[in-house]
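Quick note, the sequence shown lines up with residues 0 to 512 if you use numbering that gives the first Met the number 0.
Using N, Cα and C, we set each Cβ at its ideal position, and we do this for glycine too.
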Amino acid sequence: MSPHSTAARPDAQPVPVAGAAAGPPGLRTLVIGGGAAGSALVRDLIRTPEFGLAPVGVLDDDPAKAGTAVDGVPVLGPLAGLTPLAVAHGAQVVVLAIPGLPHQQVRALATAAAAAGAAVRYLPSFLSALRREVVGSDLRSLDVNTLIGRHEVHVVSPDVRAVIEGRRVLVTGAGGSIGSELCRQVHAFNPSELYMLDHDESNLHRLQLEIWGEALLTDDSLVIADIRDRPRIQQIFRDLRPEVVFHAAAHKHLPLLERHPSEAVKSNVLGTDHLVEAALATGVERFVLISTDKAADPTSVLGASKRLAELIVRANARDARNLGTGVFSAVRFGNVLGSRGSLLSVLEEQLRSGGPVTVTHPDVTRFFMTIEEAVGLVLEAGRMAEGGEVFVLDMGEPVRIVDLVHNFARQVQLGAEDVEIRYTGLRAGEKLNEALFSEGEERLPTEHGRIFATVADDGGPEDLAGGLTGLYAAAKVNADAEVRDRLAELLPGYRTPEAVPVPALATPYPDGF
Numbered sequence: 000m001s002p003h004s005t006a007a008r009p010d011a012q013p014v015p016v017a018g019a020a021a022g023p024p025g026l027r028t029l030v031i032g033g034g035a036a037g038s039a040l041v042r043d044l045i046r047t048p049e050f051g052l053a054p055v056g057v058l059d060d061d062p063a064k065a066g067t068a069v070d071g072v073p074v075l076g077p078l079a080g081l082t083p084l085a086v087a088h089g090a091q092v093v094v095l096a097i098p099g100l101p102h103q104q105v106r107a108l109a110t111a112a113a114a115a116g117a118a119v120r121y122l123p124s125f126l127s128a129l130r131r132e133v134v135g136s137d138l139r140s141l142d143v144n145t146l147i148g149r150h151e152v153h154v155v156s157p158d159v160r161a162v163i164e165g166r167r168v169l170v171t172g173a174g175g176s177i178g179s180e181l182c183r184q185v186h187a188f189n190p191s192e193l194y195m196l197d198h199d200e201s202n203l204h205r206l207q208l209e210i211w212g213e214a215l216l217t218d219d220s221l222v223i224a225d226i227r228d229r230p231r232i233q234q235i236f237r238d239l240r241p242e243v244v245f246h247a248a249a250h251k252h253l254p255l256l257e258r259h260p261s262e263a264v265k266s267n268v269l270g271t272d273h274l275v276e277a278a279l280a281t282g283v284e285r286f287v288l289i290s291t292d293k294a295a296d297p298t299s300v301l302g303a304s305k306r307l308a309e310l311i312v313r314a315n316a317r318d319a320r321n322l323g324t325g326v327f328s329a330v331r332f333g334n335v336l337g338s339r340g341s342l343l344s345v346l347e348e349q350l351r352s353g354g355p356v357t358v359t360h361p362d363v364t365r366f367f368m369t370i371e372e373a374v375g376l377v378l379e380a381g382r383m384a385e386g387g388e389v390f391v392l393d394m395g396e397p398v399r400i401v402d403l404v405h406n407f408a409r410q411v412q413l414g415a416e417d418v419e420i421r422y423t424g425l426r427a428g429e430k431l432n433e434a435l436f437s438e439g440e441e442r443l444p445t446e447h448g449r450i451f452a453t454v455a456d457d458g459g460p461e462d463l464a465g466g467l468t469g470l471y472a473a474a475k476v477n478a479d480a481e482v483r484d485r486l487a488e489l490l491p492g493y494r495t496p497e498a499v500p501v502p503a504l505a506t507p508y509p510d511g512f
């Protein structure tokens, strides 16, 4: 099927559970454990559909439970059958509901669930959070649907296995929030080798310990490197010969990059150029760049640097097609809840410390997605890409930051009167409202009902290579003013706007803040 077909996968949308009370649909869910905790969870999810999970089956190793049901939800079989049962029943989420399960078994079950393309959640923290008994410190322990204003989308499919299984896979930025989750999910699809590249050795050590349960640091899976170092990147690709590359390494903090534009160029643009060049030279089959919605009609150094990275991938995708070699594509993320330094972690820290919550502007909105959605989008893009596309997840309507703060506070048992909001004003480069596509980009459907793509051939400079040469030269000597000028030359229409002042509020904001 063509990746731009309008036919959606049958499991792409959440579905209502049979026999449950009428309410919003939920993600098809398998509950691991038919004991007291699992039974309580099944009942809670059926009675409270706004949690967004619809149980379709229970797994339990007790032979006496075989062929029975928990509140009308059938016991499908033992835990050992998790992967085939999850595939057969179109499971999108697996909840581990056996308190005290040994860590090794938890890891094995999580791997089996991921191999079926299902996200994993846990008890008891998840169950207690549903009952509002704890302050959540993890995205998995919050009602995500309420925070992002829509139902979480199950993105990754078991078909991803065909792209990853038996192949050598390289993940850059592996120690970061997105990179580490990518590594965990890629590992579940049985690559022949998983190479995890980062410049931070501590993050790599932690990641290997999480995935393998040990971190001896004695094999080739961990790669310490800086993507700015061209000879080192070329050496890595020659030696390891990766077949699939997911490029997550980047600088991403918008205000910092406004102050240090040369650093944005060195990592986000030049680093991407090095990786694409090495991928072409060594015959990489699939290359996926992780970009940002800020690359659509960019107004910040972050957005401009990521837009140039997209253009580099697109230009080389054409070359790869002409040579009949690899497939190069990109994905754009919204703000990822639960990632390191994300709004959710900042909110939690500000509320924990008792200080005011800082929001740039009363009317600022953003698109939000979960880590699971973000990684699923990357994996599906790797599977569906034909070359040159930029893929975007349909994240519904943008969420007003003030509303997200309100919802978050309510979930951690705080009322509006307990939360002080201080408005700081939009910073240079920040938009009041983000867009997923540039004005000149056409939004195209794909075979996944909630993923769209654009393959526009306009919007890039006529001499991209020549313009980049001058940009790199300016960044090398840290000539920040020249870097800004060259970004504007390469991206017509790009400019950094003036900061938007916060309107005077004579009375509290109408929603109670």
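Assuming the contact rule is C-beta atoms closer than 8 Å, residue i and residue j should be a hit. Round their C-beta distance to whole Å, please.
i: F327; j: A316; result: 4 Å
i: L29; j: L84; result: 7 Å
i: A36; j: A96; result: 5 Å
i: T217; j: G428; result: Their Cβ separation, rounded to whole angstroms, is 44 Å, which puts T217 and G428 out of contact at 8 Å.
i: A434; j: D292; result: 7 Å
i: N477; j: S261; result: 5 Å
i: V482; j: L470; result: 7 Å
i: P54; j: V72; result: 5 Å
i: I210; j: R183; result: 6 Å
i: F436; j: A295; result: 5 Å
Hey, could you find the ends of the beta strand (DSSP E) residue i is sitting in?
i: G76; result: V72 to G76
i: F236; result: Per DSSP, F236 belongs to no beta strand (DSSP E); it is in the alpha helix (DSSP H), R229 to L239.
i: S299; result: Note, S299: premise wrong, no beta strand (DSSP E); not H, not E.
i: Y422; result: I420 to Y422
i: G56; result: L52 to L58
i: I223; result: L221 to I223
i: R285; result: R285 to T291
i: E167; result: This sequence places Arg at residue 167; Glu is not what is there. R167 to T171 is the extent of the beta strand (DSSP E) around R167.
Could you spell out where the alpha helix (DSSP H) holding residue i opens and where it closes?
i: D43; result: A35 to R46
i: A247; result: Unbroken run through A247: none, as it is neither H nor E.
i: Y194; result: Premise fails: Y194 lies in the beta strand (DSSP E), E192 to D197, not in any alpha helix (DSSP H).
i: V162; result: R160 to I163
i: M383; result: I370 to M383
i: A427; result: Where A427 is concerned, there is no enclosing alpha helix (DSSP H), given that its DSSP letter is neither H nor E.
i: T82; result: L81 to A87
i: N334; result: Not the alpha helix (DSSP H): N334 falls in the beta strand (DSSP E), residues N334 to L336.
i: A187; result: S176 to A187
i: T271; result: G270 to T281
Is residue i buried or exposed, if buried means 16 or more other CB atoms sit within 10 Å of its CB?
i: G525; result: Since the displayed the chain opens at 0 and closes at 512, residue 525 lies outside it and no answer follows.
i: H252; result: exposed
i: P62; result: exposed
i: L267; result: Per the sequence presented here, residue 267 reads as Asn, with Leu not at that position. So N267 ends up on the buried side.
i: V345; result: exposed
i: E242; result: buried
i: T506; result: Because T506 sits at a pLDDT of 33, beneath the cut-off of 50, its placement in the model cannot be relied upon, and the point is left open.
i: Q103; result: exposed
i: Q207; result: buried
i: A128; result: Any reading at A128 must be qualified, since the residue scores a pLDDT of 40, below 50, and its modelled position is unreliable; no value is offered.
i: L279; result: buried
i: E419; result: exposed
i: K430; result: buried
Among residues of its own chain, excluding the 5 on either side of residue i, which ones have a beta-carbon nearer than 8 Å to its beta-carbon?
i: I450; result: V154, L376, E379, A380, M383, F390, V391, L392 and D393
i: R149; result: M394, G395 and E396
Here's a check: name, in chain order, each residue in its chain whose Cβ is nearer than 6 Å to the Cβ of residue i, leaving out the five neighbours to either side.
i: E371; result: A118
i: S136; result: Any reading at S136 is ruled out, since the residue's pLDDT is 35, under 50, leaving its predicted position unreliable.
i: A452; result: E388, F390, L443 and T445
i: E192; result: R167
i: A319; result: G325 and F327
i: G492; result: none
i: Q349; result: V356
So, at 7 Å on beta carbons, what are the nonlocal neighbours of residue i in its own chain, with the 5 sequence-adjacent residues on each side left out?
i: A247; result: V170, T171, G172, G175, I177, G178, L181 and I289
i: T82; result: A111, A114 and A115
i: H250; result: L256, E262, A263, S266 and N267
i: R188; result: The residue asked about is misnamed: residue 188 is Phe in this sequence, not Arg. Contacts found: A114, V159, R160, I163 and E164.
i: A373; result: I177, F332 and V335
Report whether the distance from the Cβ of residue i to the nearest heavy atom of the ligand GDP is below 7 Å.
i: R227; result: The ligand GDP is not part of the structure shown, which contains no ligands of any sort.
Within the 8 Å Cβ cut-off, does residue i reach chain B?
i: V482; result: Absence of chain B from the displayed structure is noted, only one protein chain being present.
Quick one: any contact between the stretch 361-370 and the stretch 388-406, if contact means 3 or more CB pairs under 8 Å?
With the cut-off at 8 Å, the stretch 361-370 and the stretch 388-406 touch.
Does the stretch 428-445 come into contact with the stretch 225-239, if we say contact requires no fewer than three beta-carbon pairs (one atom in each stretch) closer than 8 Å?
Touching, no, given that fewer than three Cβ pairs across the two stretches are closer than 8 Å.
Assess, as a yes-or-no matter, whether the stretch 101-109 is touched by the stretch 68-77 under the definition of 3 or more beta carbon pairs within less than 8 Å.
Too few Cβ pairs lie closer than 8 Å, so no.
The stretch 263-276 in contact with the stretch 199-209 per 3-pair CB rule at 8 Å
Two segments are said to touch when three or more pairs of C-beta atoms, one from each, lie closer than 8 Å; by this definition the stretch 263-276 does not touch the stretch 199-209.
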